[in-house]
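Number of protein chains: 2
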Amino acid sequence: MPLTPRQQQVLDCLRQHAADFGRAPTLDGLCRLLGLRSRGSLHKHVQALIAEGLVEPLNGHHRGIHLVTQSTDENTLPLLGKIAAGRPIEALPQSDTIEIPPRLRTSRPCYVLQVTGDSMAEAGILDGDFVVIERRETARNGEIVAALIRGEETTLKRIVQEPGRVTLVPANRGLSPVVYAPEEVAIQGVLVGQMRAYH
Amino acid sequence: MPLTPRQQQVLDCLRQHAADFGRAPTLDGLCRLLGLRSRGSLHKHVQALIAEGLVEPLNGHHRGIHLVTQSTDENTLPLLGKIAAGRPIEALPQSDTIEIPPRLRTSRPCYVLQVTGDSMAEAGILDGDFVVIERRETARNGEIVAALIRGEETTLKRIVQEPGRVTLVPANRGLSPVVYAPEEVAIQGVLVGQMRAYH
DNA sequence: GCGGATCGTTCTCGATTCGTTCTCCTCCAG
DNA sequence: CTGGAGGAGAACGAATCGAGAACGATCCGC
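One line per chain: the protein sequences are A and B, in this order. Sequential numbering of the first sequence, starting at 236, is according to our numbering. Sequential numbering of the second sequence, starting at 236, is according to our numbering.
Following this line, the structure appears as structure tokens:
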């Protein structure tokens, strides 16, 4: 739903205030900035902005009108580098980012890797694909994880955790599952999305 | 139904206003811009534009004359429906859209389909994946296309075109390539991107 | 810890603006 | 003369907007 003119003014004023002071204004302070005399009136505008998801809702626990953080780059994630069986994640020197639609990520922190190699080809993950990884240190059995093995190499595999051992299962007839001790495998994240460009 | 000269003038004025201010004008504001004195008169023209589908209908819920946004968000594409071997594209009743990062599409018109079935599984396209299709009627050999066969069924396959015959090649050991006469196969678009969510 | 000041929230009331509908008017082509 | 395009103006209901009062909850100096 589009904002009314006054709501737009309030939003502009909030952005201005954030740029100037970096502090969250109170309703009374906003009233003065906007030339209003009643908090009650302004409150309705702020509620509308909250309904639009532009302002942090404050459920009586703290004060101050906080803008929601940067809705613009909400759809970009850091592209950390490449993941290949046999090598640690090749970090890119420059901090690169890549646009990811919300459907391909979760609400928790995520990052993106580019796949090298065909070890997960039969799971539909090919050489050159981009994979979205949710930053997490535990996984459920059967999930595909980015795992650091003995602090040396990082790989993308399906994980099966049993008492006393962890098995990383590739999706490729030419490769075999490998069994590790639990302390050898550090989960760095869980696969939540994948995408590929053909052109 | 064609627009009357005055309706065209109102439409031009609306586009001008959107370009200048990015805000929806009110009927009174439009009157001033057009040199009119009565909202009631202008209202009839706006109603005509709504009937033509050029202006957002506002059913007393909000104010301001909004132009209909045609592909306003350049990162969203229409999600037309599902594509399955053996059936035409199942059109979704409601016109749905889906966010697609620029990397997964081309600069030409594209749309999105959701894949049903595993006929392209060995090319890394699984059941449930979303594929981005560039709207095009010709393809190069080896490209993956959405093709309409005999006007009946639509399918996603790799295409090989030779003089006098067209072969559609699935990527699945259990399925065989099928040869058609060129006039039996109508290319509806070419695969340019693919994505999958795991959660 | 306490009490007053500050703040968020909710409510009512009134004023203005705006979309809508209606009637009446002019102009012009067929 | 008739009908359609176009405009003026009045009137009504709804959306928008602000003022003010009242009530808890939080914050802060003592």
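For glycine and all other residues, C-beta sits at the position ideal for the given N, C-alpha and C. Only a predicted model underlies this, so the values are computations on that prediction, with no experimental measurement involved.
- Message: Only counting the same chain, and skipping five residues up and downstream in sequence, which positions put a Cβ closer than 6 Å to that of Pro417(A)?
- Response: Answer for Pro417(A): Val401, listed in chain order.
- Query: Is the CB of Ser306(A) under 9 Å away from at least one CB in chain B?
  - Reply: Note that Ser306(A) has pLDDT 46, beneath the 50 cutoff, so the model's placement of it is unreliable and no number is given.
- Any chain A beta carbon closer than 9 Å to Gln429(B): Yes, Gln429(B) counts as interfacial toward chain A.
- Query: Between Gln396(B) and Gly428(A), what straight-line distance do the alpha-carbon atoms span, to the nearest angstrom?
  - Reply: If you take the alpha carbons of Gln396(B) and Gly428(A), they lie about 34 Å apart.
- Message: Quick check: the Cα distance between Thr339(A) and Tyr433(B), rounded to an integer number of angstroms?
- Response: Residue 339(A) is actually Leu in this sequence, not Thr. Their Cα atoms are separated by approximately 8 Å.
- First and last residue of the beta strand (DSSP E) that includes Ile335(B)? No beta strand (DSSP E) contains Ile335(B), which DSSP labels as neither H nor E.
- To the nearest angstrom, report how far apart Pro303(A) and Gly288(A) are at their CA atoms. Looking at the sequence provided, one finds Val at residue 303(A) rather than Pro. A straight-line Cα-Cα distance of about 7 Å links Val303(A) and Gly288(A).
- Query: From Val350(A) to Asn407(A), what distance separates their C-alpha atoms?
  - Reply: C-alpha of Val350(A) to C-alpha of Asn407(A): approximately 14 Å in a straight line.
- Under the three-state reduction of DSSP, which class applies to Ala416(B): helix, strand or coil? In this structure, Ala416(B) counts as coil in the three-state DSSP scheme.
- Message: Let's test the definition: count the other Cβ atoms within 10 Å of the Cβ of Arg267(B) and tell me whether it reaches 16, buried, or not, exposed.
- Response: Flag for Arg267(B) reads exposed.
- Task: Measure how close the beta-carbons of Leu249(A) and Ile285(A) come, nearest whole angstrom, since I'm counting them as under 8 Å.
- Result: Taking C-beta atoms under 8 Å as the contact rule, Leu249(A) and Ile285(A) fail to qualify, at a distance of about 12 Å.
- Message: Let's test the definition: count the other Cβ atoms within 10 Å of the Cβ of Lys392(B) and tell me whether it reaches 16, buried, or not, exposed.
- Response: It is buried - the Cβ of Lys392(B) has at least 16 other Cβ atoms within 10 Å.
- For Asp353(B), the three-state DSSP class (helix, strand or coil): Of the three classes helix, strand and coil, the one that applies to Asp353(B) here is coil, per DSSP.
- Comparing alpha-carbon positions, which option in His278(A), Ala319(A), Ile318(A) lies nearest Leu262(A)? Looking from the CA of Leu262(A), the closest CA among His278(A), Ala319(A), Ile318(A) belongs to His278(A).
- 7 Å Cβ cut-off: residues of chain A touching His195(B): Absent from the model: residue 195(B). The displayed extent of chain B is 236 to 434, so no value can be given.
- Task: Note down the Cα distance separating Ala254(A) from Asp247(A), rounded to an integer number of angstroms.
- Result: Each residue's alpha carbon lies about 11 Å from the other.
- Task: Kindly indicate the opening and closing residues of the alpha helix (DSSP H) around Ala286(B).
- Result: Start and end: 274-286.
- By Cβ distance below 8 Å, which residues in the same chain neighbour Gly377(A) in space, the five residues on each side in sequence not counted? Only residues of its own chain outside the window of five on either side were considered, and among them Arg393, Ile394, Val395 have a CB closer than 8 Å to the CB of Gly377(A), listed in chain order.
- Query: Which whole-angstrom value describes the C-beta separation of Leu269(A) and Gln244(A), a residue pair presumed to lie in contact below a C-beta threshold of 8 Å?
  - Reply: The pair is a contact, with the Cβ atoms about 7 Å apart (cut-off 8 Å).
- Message: Per the DSSP calculation, Val395(A) is bridged to which residue(s)?
- Response: Listed as beta-bridge partners of Val395(A) by DSSP are Thr402(A).
- Check whether Ile335(B) and Pro336(A) have beta carbons under 9 Å apart: Yes; because the gap between Cβ atoms is below 9 Å, this pair is in contact.
- Message: Which residues in chain B have a C-beta closer than 8 Å to the C-beta of Glu334(A)? List them in chain order.
- Response: Neighbours of Glu334(A) on chain B, chain order: Asn310, Pro336, Pro337, Arg338.
- State the beta-bridge partners of Gln429(B) as determined by DSSP. Paired residue(s): Arg431(A), Val366(B).
- Query: Which residue from Pro237(A), Ala259(A), Pro313(A) puts its Cα closest to that of Pro260(B)?
  - Reply: Answer by Cα proximity: Pro237(A).
- On the DSSP bridge assignment, give the partners of Ile360(B) in chain order. In the DSSP output, where bridge partners are listed per residue, Ile360(B) has none listed.
- Tell whether a beta-carbon distance below 9 Å holds between Glu419(B) and Ile384(B). The Cβ atoms of Glu419(B) and Ile384(B) sit closer than 9 Å to each other.
- Leaving out five residues on either side along the sequence, give the residues of the same chain with a beta carbon under 8 Å from the beta carbon of Arg371(A). Excluding the 5 residues flanking it on each side, Arg371(A) has same chain C-beta neighbours closer than 8 Å at Arg343, Ile422, Gly424, Val425, in chain order.
- Item | Alpha carbon of Pro181(B) to alpha carbon of Thr373(B), nearest angstrom | Look at the range of chain B in this structure, 236 to 434, and you will see that residue 181(B) is not part of it.
- Message: Going by DSSP, what residue range makes up the beta strand (DSSP E) through Val245(B)?
- Response: Run containing Val245(B): none in the beta strand (DSSP E); it sits in the alpha helix (DSSP H), 240-256.
- Based on Cα-Cα distance, which residue from Glu291(B), Met355(B), Asn310(B) lies nearest to Ala319(B)? Nearest of Glu291(B), Met355(B), Asn310(B) to Ala319(B), Cα basis: Met355(B).
- Query: Can you tell me whether DSSP reads Leu383(B) as helix, strand or coil?
  - Reply: In the structure shown, Leu383(B) sits in a strand (DSSP, three-state: E or B).
- Message: DSSP has Thr390(A) in a bridge; who is on the other side?
- Response: As a beta-bridge residue in DSSP terms, Thr390(A) pairs with Ala382(A).
- Message: Spatial neighbours of Ile379(A) within its chain, please: C-beta separation below 6 Å, excluding the five flanking residues on both sides.
- Response: Arg393, Leu426, listed in sequence order.
- Can you tell me whether DSSP reads Pro328(B) as helix, strand or coil? Note that Pro328(B) scores a pLDDT of 49, beneath 50, so its modelled location is shaky and nothing firm can be said.
- Phe256(B) Cβ short of 8 Å to the ligand PLP heavy atom set: No copy of the ligand PLP occurs in the structure displayed, which carries no ligand at all.
- Whole angstroms is fine: what's the gap from Gly264(A)'s alpha carbon to Met430(B)'s? Gly264(A) and Met430(B) have their alpha carbons spaced roughly 47 Å apart.
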